[in-house]
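A short write-up of the structure that comes next.
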Amino acid sequence: MTRIFSGIKPTGHLTLGNYLGALRQWVTVDQHRADALFCVVDLHALTVDHDPARVRRLSRQAATLFLAAGLDPALCTLFVQSHVDEHTRLSYVLECTANDGEMRRMIQYKEKSAKERAAGGSVRLSLLTYPVLMAADILAYGADEVPVGDDQAQHVELTRDLAVRFNQRYGHTFTVPKAVLPSVAARVMDFQDPTSKMGKSHGETSGIVYLLDEPDVVRRKVMRAVTDSGSEVVHDREARPGVANLLEILAACTRTAGDGDVGPAELATRYSSYGALKKDTADAVVETLRPIRERHAELCADPGYVDEVLRAGAERARGLARPTVDAAYEAIGLLPAR
Ligand code: TYM
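Set out below in structure tokens:
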């Protein structure tokens, strides 16, 4: 059976981008067709300046939102990365397989480290090694597929390179995984700055829709989306990034994954004004998020249930990862513990 692994890091409240780019695919498709593991990758949240209490709170919230969005622990495995030691055990061995040049070439490292330095801060070493830990997350489970948004494709490519290199040097140990991107909304853009990705850790929040935003807040953010001075509704990411973003979000929120699905270019032909497009997009987003918000509120009343799901998930994950990580330790030349 195909094995799937994916994760979200608790650096901020989950956004519409996280949902359309990753979580929704996990819920509607992945958990039904594969042995799927979904992880709150909390260690990754420590790579930039962080508040410990906030990371803890956001980790619980992310796990609760996984369930609220429809992940079913009877179908898939949900857990928190730091509950399974195998991730960090394997990460070290992969650090001995990677080289510093390929780490420094990672786009996210370049962007985030430049931002930290510009703000006068220092860059944590873990920000540089982050993609290796991500590779360990994936390789520890022998994942065949990694469903992610477009921004993570480069990290999955690196994971493939490390797996191939390790296998060539030390003998076949790892499955070489591939990234699977959603067909629409693989890169949801910020409503206020449609040339940059909608990201949960951004400081300026007026262009970001969070999964737990109230309906009137969602409407306001969508209705105030920056478009451009034209008025013709066309799907053109380069020339009309704001309008293209709205069309893609509308297409993603109204799709049923059936034959009748309408893509962003075709949707564009149905609109003659930005106002109508924004209103329909706002309605579609509100309706997409409504059941998630409602279920989240129910789950918050039952924290013991969430804890139990995470406990059982970590136990299963440990059992799956340990043999692979032990095999990697042995292959690279470490004396097995007796
Ligand atoms: P993270 O936490 O930034 O994002 C989680 C998932 O959401 C997707 N995503 C988006 N998709 C479309 N439009 C957007 N604006 C948008 N913003 C985020 C991301 O592509 C991702 O799929 N390094 C990863 C977390 C991670 C991971 C892993 C993922 C750690 N280990 C192993 C897969 C497998 C990250 O920072 O994602």
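In terms of our numbering, the sequence shown is residues 871 to 1208. Cβ atoms here follow ideal geometry from the backbone N, Cα and C, with glycine treated the same way.
Give the straight-line distance between the Cα atoms of residue i and residue j, rounded to the nearest whole angstrom.
| i | j | result |
| --- | --- | --- |
| S996 | V1195 | 21 Å |
| A1187 | A1006 | 13 Å |
| Y1000 | H914 | 7 Å |
| R1163 | A1154 | 15 Å |
| A989 | L964 | 31 Å |
| K1067 | K982 | 13 Å |
| M871 | L1051 | 20 Å |
| D1063 | S961 | 35 Å |
| L1120 | H1042 | 44 Å |
| L1169 | D1086 | 23 Å |
| T1029 | E1102 | 42 Å |
| A939 | I878 | 14 Å |
| R1035 | E1027 | 12 Å |
| S952 | G1019 | 23 Å |
| E986 | R1140 | 44 Å |
| A1135 | D900 | 26 Å |
| A968 | H920 | 26 Å |
| R1181 | H1025 | 28 Å |
| A1152 | V1096 | 14 Å |
| L998 | L1032 | 15 Å |
| V993 | V910 | 23 Å |
| D1172 | V1179 | 12 Å |
| R903 | K980 | 36 Å |
Does the distance from the C-beta atom of residue i to that of residue j stay below 8 Å?
| i | j | result |
| --- | --- | --- |
| G1077 | D1060 | yes |
| D912 | V950 | yes |
| K1070 | L1116 | no |
| L1082 | H1166 | yes |
| G887 | V1054 | no |
| L937 | F908 | no |
| A1197 | L890 | no |
| A932 | P1017 | no |
| V1113 | T934 | no |
| G1183 | P943 | yes |
Closest to residue i by C-alpha separation, out of the options, would be which residue?
| i | options | result |
| --- | --- | --- |
| Q895 | A1184, A1056 and M1093 | A1056 |
| T1045 | D1014, A1114 and A1171 | D1014 |
| V1156 | V899, R1030, V1092 and K980 | V1092 |
| K1048 | C1123, L1082, E1084 and A1023 | A1023 |
| T885 | G1100, V1088, R1165 and V954 | V1088 |
| A1191 | T917, Y1011 and G971 | Y1011 |
Buried or exposed for residue i, please, with buried defined as at least 16 other CB atoms from any protein chain shown within 10 angstroms of its CB.
| i | result |
| --- | --- |
| V1132 | exposed |
| L893 | buried |
| G1145 | exposed |
| E1108 | exposed |
| C966 | exposed |
| S929 | buried |
| R1125 | buried |
| G882 | buried |
| T1065 | exposed |
At the 8 Å Cβ level, is residue i part of the contact set with chain D, yes or no?
| i | result |
| --- | --- |
| G877 | No chain D is part of this structure, which consists of one protein chain only. |
Between residue i and ligand 2, is there a pair consisting of the residue's CB and a ligand heavy atom that are separated by less than 7 Å?
| i | result |
| --- | --- |
| G887 | Ligand 2 is not part of this structure, which contains only ligand 1. |
Query raised in the report: Unbroken alpha helix (DSSP H) runs of length 4 or more, entirely within the stretch 899-977: which are they?
Result: Inside the stretch 899-977, DSSP marks whole alpha helix (DSSP H) runs of 4 or more residues at positions 922-939, 956-965 and 970-974, from first to last along the chain.
Query raised in the report: Which runs of the alpha helix (DSSP H), 4 residues or longer, sit entirely within the stretch 1142-1203?
Result: Under the rule that a run must span 4 or more residues, the alpha helix (DSSP H) segments found entirely inside the stretch 1142-1203 read 1144-1170 and 1173-1202.
Query - In chain order, each beta strand (DSSP E) run of at least 3 residues that lies wholly inside the stretch 974-1005 - result: None, since the stretch 974-1005 contains no complete beta strand (DSSP E) of that length.
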